[in-house]
Each structure stands twice: as C-alpha cells, then as structure tokens.
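Take a look at the structure below.
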Amino acid sequence: MMKFEPDQLRAYFVCGTQDLRPEQDILELVDRVLAAGVTAFQFRDKGPHSRLTPAQRLEIGRALRQLCRRYQVPFIVDDDLALADATAADGIHVGQKDGNIKATVSQVAGRHFIGYSCETTAQIKKANTIGGIDYYGCGPIFPTQSKTDADPALGPEGLMALIKAAKRPVVGIGGITLNNHAQLPTNAAGYAVISYLTRSQDLTADVAALLAITAK
Ligand code: TZP
Ligand code: MG
C-alpha cells in the first residue's frame, strides 16, 4: 500500500463502467486521465448500469490497479473490501450506509488507507472522534447526475462549513463542471469528479483546472 498523503486528493478521478458511454473503454480512459495528471483514482463500479460481472470487475480492477501503480497514483476501491484486498488497493472509500465505520477501520487496519463520506457537520464531528480514518469525502456540492441516491446539494458554503468542522483532509465531490469550479473553496484538500472527466474534451486542460483550485 502507498502511504496516504493529503496532496494525493487534489485531482481525484472516480469511475466505473456505469459512468461511461458504450464506446468508452475504462482502461483506455483511465490511462489517458492518469497521463493528464490526476492524483488519485477510485474504482467505483456498481449498480444496474455496470457492464461487469463480479469476475470481470476483479479482472478489470487488477488491470486498473496496475495502471495506477505505473503512474504512482493511489488506487482506491469504493465500498468493497474483498475487491480492495484482491486488487491490493492502496485505499478503500466507504459511505455512511456502508456498515459500521469503526468495524471497517479495525478490519482494514494498515492494509488500506480509508476515506469516509460525510454529508453533514454532525457526521463530521462524530467521524472526528473515530481513529484511523484518513480523509473525508463531502458532497454533493452541486446537483449530480452520476449518483442516484445523492443527498441534496451542499453548495460551496455548505462545503466550507464541513471543511471548517473537519479535523481531517476533505475532498469535495459532486456536480463539478467547467462552469462552476471557480466557486469552490480553495482550502479543501482536493476535488473528486466523475462526469467532469468522463465527458471532457481536453483532459490535460481540465485536469490542470482541477489542480489549480487547490494550488497554493
Ligand atoms: N458522491 C457524491 S456525488 C457523487 C458521488 C460518487 C457523484 C459525482 O459525480 P459527478 O459526475 O462528478 O457529479
Ligand atoms: Mg457506498
């Protein structure tokens, strides 16, 4: 496992086959996105629109893991400890509804770093008291088409309040576009995107713009 560094969260690409157009290939896209300079990749392949069987998910997951290793970018698995273990993932990301976070922390202990989704200040304050979490994922910031069960949008001010309450690095997510990224707080550890990059016409420029939000 790669050691967790908050700087790795700056331009964080999240993707699964359900996020792609039929003509897009996940391995080819992730390779190009990594070449464009993203700093973390999360494999989040789930739901009725995934193209993969569990066996294919493992095979593609291993190939994505290798790609990330080549670019020295952390490979993170969404909410599937068996897949995270089988792919020797650097990190695992879990949400409020993905089982008991303390149990996850003790199960994962040292094998993977841990990201935890928090949508409210109450959730952040509770999470602050739990040892072993490495970063918080907070969103959606803006309305999103990429998550069916997303909470209401926080807005940039709502995200700012969560960042203020957080004792850990925060990565903001949800509905980020070329038209709204200028509104985002610069003191997040970074920003995570799906459609911003799956629909990008210029990966190099769009990754650079994502990195620029948190440039010191
Ligand atoms: N969690 C909160 S919003 C979201 C996830 C996984 C989807 C983000 O996708 P997009 O396309 O960047 O809005
Ligand atoms: Mg989840």
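Residue numbers (this note's numbering): 34 to 249. By construction, the Cβ of each residue, glycine as well, lies at the ideal position given by its N, Cα and C atoms. Everything numeric in this text was worked out from a predicted model, so none of it was measured.
Secondary structure of Cys48 (DSSP, three-state): strand.
The Cβ atoms of Ile227 and Val66 do not sit closer than 8 Å to each other. Around the beta carbon of Leu60, fewer than 16 other beta carbons sit within 10 angstroms, so the residue counts as exposed. Rounded to whole angstroms, the gap between the alpha carbons of Lys135 and Ile163 is 7 Å. By the CB criterion at 8 Å, Ala225 and Ile246 fall outside the cutoff. Looking at the DSSP output, Phe74 sits in a beta bridge with Phe46 and Phe108. Not one heavy atom of ligand 1 falls within 7 Å of the beta-carbon of Lys130. In the DSSP assignment, Gly148 falls within the unbroken beta strand (DSSP E) covering Phe146 to Ser150.
Partner residues in the beta bridge of Gly124, as assigned by DSSP, are Ile109 and Phe146. In the DSSP secondary-structure assignment, Tyr168 is bridged to Gly148. Lys36 has its alpha-carbon roughly 26 Å from the corresponding atom of Thr237.
Under the three-state reduction of DSSP, Ile196 is assigned to helix. Relative to ligand 1, the beta carbon of Ile166 is positioned no closer than 7 Å to any heavy atom.
Bounds of the beta strand (DSSP E) holding Ala225 are Gly223 to Val226. Per DSSP, the unbroken alpha helix (DSSP H) holding Ile59 starts and ends at Ile59 to Ala68. Taking Ala122 as the centre and dropping the five residues before and after it, the same chain places the C-beta of Arg98, Phe108, Ile109, Val110 and His145 closer than 7 Å to its C-beta, in chain order. Around the Cβ of Ala215, a 10 Å sphere holds fewer than 16 other Cβ atoms; the residue is exposed. The continuous alpha helix (DSSP H) containing Ile246 extends over residues Leu236 to Ile246.
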